[in-house]
Every structure is written in structure tokens, then in C-alpha cells.
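Data first, discussion second: the structure below is written as C-alpha cells.
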Amino acid sequence: MNKTLINFIAIVLMFVGSMSFAQNELPIKHSQDIDPIAELQNSNLQKLLEAEIMANPKWRQLIRNKKMSVGVVDLTDETNIKYAGLNDEHMMYAASLPKIAILLAAMDAIETGELVDTKEVRKDMRLMISKSNNAASTRMIDRVGYEKIESVLRAPKTKLYDEEVGGGLWVGKRYASGGRRYPDPIKGLSHAATTKQVCSFYYQLAMGNLISTDRSKEMLDIMKDPALHHKFVNTLDKIAPNATIYRKSGSWKNFHADSALVWGPKRRYIIVALIDNNFGEQITRNLVVPIEKVLKKSRSLL
Numbered sequence: 003m004n005k006t007l008i009n010f011i012a013i014v015l016m017f018v019g020s021m022s023f024a025q026n027e028l029p030i031k032h033s034q035d036i037d038p039i040a041e042l043q044n045s046n047l048q049k050l051l052e053a054e055i056m057a058n059p060k061w062r063q064l065i066r067n068k069k070m071s072v073g074v075v076d077l078t079d080e081t082n083i084k085y086a087g088l089n090d091e092h093m094m095y096a097a098s099l100p101k102i103a104i105l106l107a108a109m110d111a112i113e114t115g116e117l118v119d120t121k122e123v124r125k126d127m128r129l130m131i132s133k134s135n136n137a138a139s140t141r142m143i144d145r146v147g148y149e150k151i152e153s154v155l156r157a158p159k160t161k162l163y164d165e166e167v168g169g170g171l172w173v174g175k176r177y178a179s180g181g182r183r184y185p186d187p188i189k190g191l192s193h194a195a196t197t198k199q200v201c202s203f204y205y206q207l208a209m210g211n212l213i214s215t216d217r218s219k220e221m222l223d224i225m226k227d228p229a230l231h232h233k234f235v236n237t238l239d240k241i242a243p244n245a246t247i248y249r250k251s252g253s254w255k256n257f258h259a260d261s262a263l264v265w266g267p268k269r270r271y272i273i274v275a276l277i278d279n280n281f282g283e284q285i286t287r288n289l290v291v292p293i294e295k296v297l298k299k300s301r302s303l304l
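Just add 2 to wherever you are in the sequence shown, counting from 1, and you've got our numbering.
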């Protein structure tokens, strides 16, 4: 084989490799409108999730008492994305997790010119998500306002809060002692979520459906590589050190919430849990491996 041919083959392989890498990046490229998350419900994944969660006596009790909610999205095959959840339309107090709604509203306000994009704004958005900084979150709420956050969450394109499916993401109080409350219309919660709508947020983010592909990419960059390594991330650090994690969590008293988009060579999924229990932090750590077991079983049924 002559040198020219060898060089040509090397160039082709490099090109193919770069193309493959590009297709593996987020947001996922697609040519048509994406399906709403309700249409991604998969019966096999649902049965496997129920069996795995309910096999644990403590988790079974929490699920039956509506003290625990779980959602999962399998992104392995972008042409066959699958969703399943338990108590996923049951809205719960979610502490700092709904700060993702503030991020979305702020990005939308920047896109429409309602909020000036400054270094201070960018710094606060990163602090709000990565370190869950309450002062930065409160400044962002004050910049955009509750009404703006609500309008973005209710937007027909995204539908991240909808009374017909149990509510969803909601931010109605500053992460500070003072200021007016703007409670959600269903339960009067200040910082709320359902696992279905949090899964929908991450799913739409991964698909570039939140505002635009470019804005979705900016939000992904802000949510990437969280500074706090507890709950889901504590386990993922051990079992998936090469995966990229996009994540937001929250805890207050006995309420523990976590959410993550896990993106790596062997792992592509969304996992969300809301738990009302003193041991919720440990439960979230313990959920990751069983959820991955469910996902692997589901794929083997294809």
C-alpha cells in the first residue's frame, strides 16, 4: 500500500470520527418537531421500573404514600426515546430544583430583549445552577419576575406547568426570607415540580427545543459539571466517571430532589426523583444503579 493511499485512508477515518463525535454532542440534531413526553411513555420500561422500585419495601411504602416520585427517559436511541414514571404527575415541594425554571425564563428574557445579557447575569446563572447559590437565584428572580417565569413555563411549545397533568415546575418565592409569594394555583407551593415535567425539561433541552438550539446549548453548558457531588452525582462519579452530567438538585428539611441528564459512551438517560423523607439524600444515591438496571433490561427486550 503506497504512502498516498495510507494518508487518504487516515484522512477519511479522521473525518468519519469527527462526524461521529459531532452527532454525539448535545443538543441532539433532529429535523422534525419533537413529540411531547406523554407520547414517549413505554409500557415495557414502565413495567420494569415499577417492578424494580416496588421490590424495595421502603421505596414501595414511599410510592404508595405519595412521598416519592420517579421519572426516567432513555435517550439511547434518538429515534425511539422512551419514558416511564411513578407518581410522575404528583406535584411535590422541590426546594432548589425549580431553579432550572428561573434559568429558562432568564434565557427567554435575554432572547426577547427583556433582560440585558451581562457578565453579572451569566455569573449568577452559573452560581444558581452549579452551586445552588440562593443569593444569585434571588437576584435572577428579581430580574425576570414571577409572572415572566410562569408565562415561560406555561408556553404552548414547552408546557412545563399544566394543571391538566398535575402542575409541574413552579417558582413562586425568592430564595430568601423576604418578598412576596406567588404560589402555584393547585397546591399553593412556592418551589414545586413533578418528575414528568422535570423529565420533559431535560428531554426538550437535550433536543434543543427550549427557546432555540443555541439557547438550549447555552443552558446545557451552564448545567454541565455541577459543583455539588451529592445524591445522584455521588453514585455517578463512581460508576460513570467518563459521563458528562447536566444536573440540578435541591434539599430542604425532609424534602430531597435531584435531576440529571447523563450523557456518556454507554449511558444516555434522564433520571429525576422527588422524595419526602429524612433519608431522601441516601435514597437518591441508591436509586441510580437500579434505574440503570431497568434501562439495560428494557433495551434487551428490543
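Even for Gly, the Cβ is constructed at its ideal location relative to N, Cα and C.
First and last residue of the uninterrupted beta strand (DSSP E) at residue i
i    : result
I143 : First-last for I143: N136 to V146, but that is the alpha helix (DSSP H), not the beta strand (DSSP E).
R249 : T246 to W254
S218 : Counting along the chain, S218 falls outside any beta strand (DSSP E), though it belongs to the alpha helix (DSSP H) covering T215 to M225.
I273 : R270 to D278
Inter-residue Cα distance where the pair is residue i and residue j
i    : j    : result
F23  : K255 : The predicted model places F23 with a pLDDT of 37, which falls under 50 and marks its position as unreliable; any figure quoted below should be read in that light. In a straight line, the C-alpha of F23 is about 42 Å away from that of K255.
R301 : D79  : 10 Å
E52  : A259 : 19 Å
A103 : L50  : 30 Å
A137 : V173 : 15 Å
N288 : L88  : 17 Å
G115 : K299 : 47 Å
V154 : Q206 : 14 Å
V200 : A275 : 9 Å
A86  : D278 : 20 Å
K125 : N236 : 25 Å
V167 : Y177 : 26 Å
Span of the alpha helix (DSSP H), counted from its first residue to its last, around residue i
i    : result
T286 : G282 to S302
I102 : K101 to T114
M337 : Outside the shown range of the chain, which is 3 to 304, sits residue 337, and nothing can be said about it.
V200 : T197 to A208
Whole-number beta carbon distance between residue j and residue i, since they are thought to touch under 8 Å
i    : j    : result
R183 : S192 : 6 Å
T196 : K233 : With a Cβ gap of about 18 Å, T196 and K233 do not count as contacting.
L28  : L238 : About 17 Å separates the two Cβ atoms, so there is no contact after all.
M109 : G169 : With 8 Å as the limit, M109 and G169 do not qualify as a contact, their Cβ atoms being about 22 Å apart.
Cutoff 6 Å; reference residue i; Cβ partners in own chain excluding five residues on either side
i    : result
F17  : Residue placement at F17 is poorly supported in this model, since its pLDDT is 41, which falls under 50; the coordinates still yield a value, given next. Cβ within range, chain order: n/a, list empty.
K268 : none
S218 : P29, L207, G210 and L212
Q43  : Y85
Cut-off 8 Å between Cβ atoms - residues of its own chain near residue i, not counting five sequence neighbours on either side
i    : result
I241 : V290, V291 and E294
P100 : L171, W172, V173, H193, A194, A195 and G252
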